[in-house]
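Under full-length UniProt numbering, read the sequence shown as residues 1 to 286, first letter to last.
Where a beta carbon is used, it is the ideal one built from N, C-alpha and C, also for glycine.
Nothing here was measured: the structure is a model prediction, and the numbers come from that model.
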Amino acid sequence: MPRLLHIFRNTPFGRETLLHSLYFCESLGLDMTVYIPRMPRFLMYFEHEAVQVDLDSSYLADPGSAIDHLDEIVSGRSVRLEILEAEDFTASTLPDVPTNVDFMTCPRIIADLSTKIALGKIGSTVRSILKAARFPVLIPSPAYKPWQSVAVFFGGSVNAVKSFYLGLRVARNSGRPLDVYTMAGKNERDQYESILAENGLDKPMAEEVRDWRYYEGGDFEKRLYDVPHDALVVLGAYGHGLIKDVFFGSKMELVQSVLPNPLLVAGPCFEMHPWRHPDKAQPIEE
């Protein structure tokens, strides 16, 4: 059964994040693995690198009530839940958290105080996970709100094709309608249609997408108002630059900084199993 990894935080912010994870799992038929931190940091080993996550102190708040609060929130829900007990340690105070999951939930900032969380900022640790992970990362909004549709931003790049496949999978599995948004630059519409056809997405676009919002000009930020307030937004991200940080492209960076919606982000290492790889996708500047 596909599985989502959730890092538990025993605070009101953490409760909202957990509600997001539960709703996501219920919508897609996922199991959930919950890790309750006992130490202020942990390590995640990916194929090409390891990411150390240094948690802020709120993740260790009131450990005595953590299990009770978790039980209260998940009681009566249909998600099959497993509590992860760290078994492997890189160092005595550095447990290893397995990465053999299908999704992971991360708030926008995981290594700073929750009081510093601000819309428009995705922290460096979360970006490091995005850069290395083969699974997509769910970045919830600060307050829990069920999503009723899926919104994919498609700019024509290889990673945009991946995000389209991901959004299509989420829409199919959840039964929610799928909308696609494209802000055209110097490219013609037929170029985007060719990329869709080369990757087997022309038929899903015609038959399964509720609305393709194709904008040929105007202020992109203003166009974002068209995205439903209760949509799950699916983005593709890529590694870039000498420091190998994760960026979304100028338009995608604007999307994640302006929209308060929950995000599902496919990083550069995301594998679309059981979807095939978009080898024929032509990179288009986003």
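query, result
"If you follow the beta strand (DSSP E) that residue 153 is part of, which residue opens it and which one closes it?", "149-153"
"Looking at the secondary structure, which residues open and close the beta strand (DSSP E) in which residue 42 lies?", "41-45"
"What residues match up with residue 227 in a beta bridge as DSSP calls it?", "Paired residues: none, contrary to the question."
"In angstroms with no decimal places, state the Cα-to-Cα distance between residue 271 and residue 43.", "21 Å"
"Since residue 41 contacts residue 53 with CB under 8 Å, what's their CB separation in whole angstroms?", "6 Å"
"To the nearest angstrom, how far is the alpha carbon of residue 151 from that of residue 138?", "14 Å"
"For residue 63, does the three-state DSSP call read helix, strand or coil?", "helix"
"Which full runs of the beta strand (DSSP E) of 3+ residues lie inside the region 200-225, going along the chain?", "209-215"
"Compute the distance between the beta-carbons of residue 154 and residue 183, then report whether it is under 7 Å.", "no"
"Should the region 98-110 be regarded as contacting the region 9-22, the criterion being three or more beta carbon pairs within less than 8 Å?", "yes"
"Going by DSSP in three states, residue 85 sits in which element: helix, strand or coil?", "coil"
"In this structure, does DSSP put residue 33 in helix, strand or coil?", "strand"
"Determine the direct distance from the alpha carbon of residue 254 to that of residue 163, and round the result to whole angstroms.", "16 Å"
"Under the three-state reduction of DSSP, which class applies to residue 164: helix, strand or coil?", "helix"
"Let me confirm a value: residue 122 is counted as buried when at least 16 other C-beta atoms fall within 10 Å, else exposed. Which label applies?", "buried"
"DSSP on residue 10, reduced to helix/strand/coil?", "coil"
"Return yes when the Cβ of residue 199 is within less than 7 Å of the Cβ of residue 234, no when it is not.", "no"
"Quick check on this structure: which residue in 195, 171, 136 has the alpha carbon closest to the alpha carbon of residue 4?", "136"
"Please check if any C-beta of chain C sits within less than 7 Å of the C-beta of residue 148.", "You won't find chain C in this structure, because it holds only one protein chain."
"Can you tell which of 192, 132, 26 has the C-alpha that lies nearest to the C-alpha of residue 45?", "132"
"Of the choices 85, 216, 134, 65, whose alpha-carbon is the least far from that of residue 188?", "216"
"Give me the residue from 208, 145, 31, 78 with the minimum Cα distance to residue 230.", "145"
"What does the Cβ neighbour count give for residue 6, buried or exposed, with the cut at 16 atoms within 10 Å?", "buried"
"Report buried or exposed for residue 267, applying the criterion of at least 16 other Cβ atoms within 10 angstroms of its Cβ.", "buried"
"Throw me the rounded Cβ distance for the residue 81 and residue 8 pair, which I believe falls under 8 Å.", "Going by Cβ atoms, the distance from residue 81 to residue 8 rounds to 11 Å, so no, they are not a contact pair."
"Measuring only the C-alpha atoms, how far is residue 1 from residue 31?", "7 Å"
"Report the partner residues of residue 267 according to the DSSP bridge assignment.", "The partner list for residue 267 (beta bridge, DSSP) is empty, contrary to what the question assumes."
"Here's the rule: buried if 16 or more other CB atoms are within 10 angstroms of the residue's CB, otherwise exposed. What is residue 287?", "No answer is possible for residue 287: it lies beyond the span of the chain, which begins at 1 and ends at 286."
"Closest to residue 63 by C-alpha separation, out of 211, 36, 55, would be which residue?", "36"
"For residue 181, report the span of its beta strand (DSSP E) as first-last.", "178-183"
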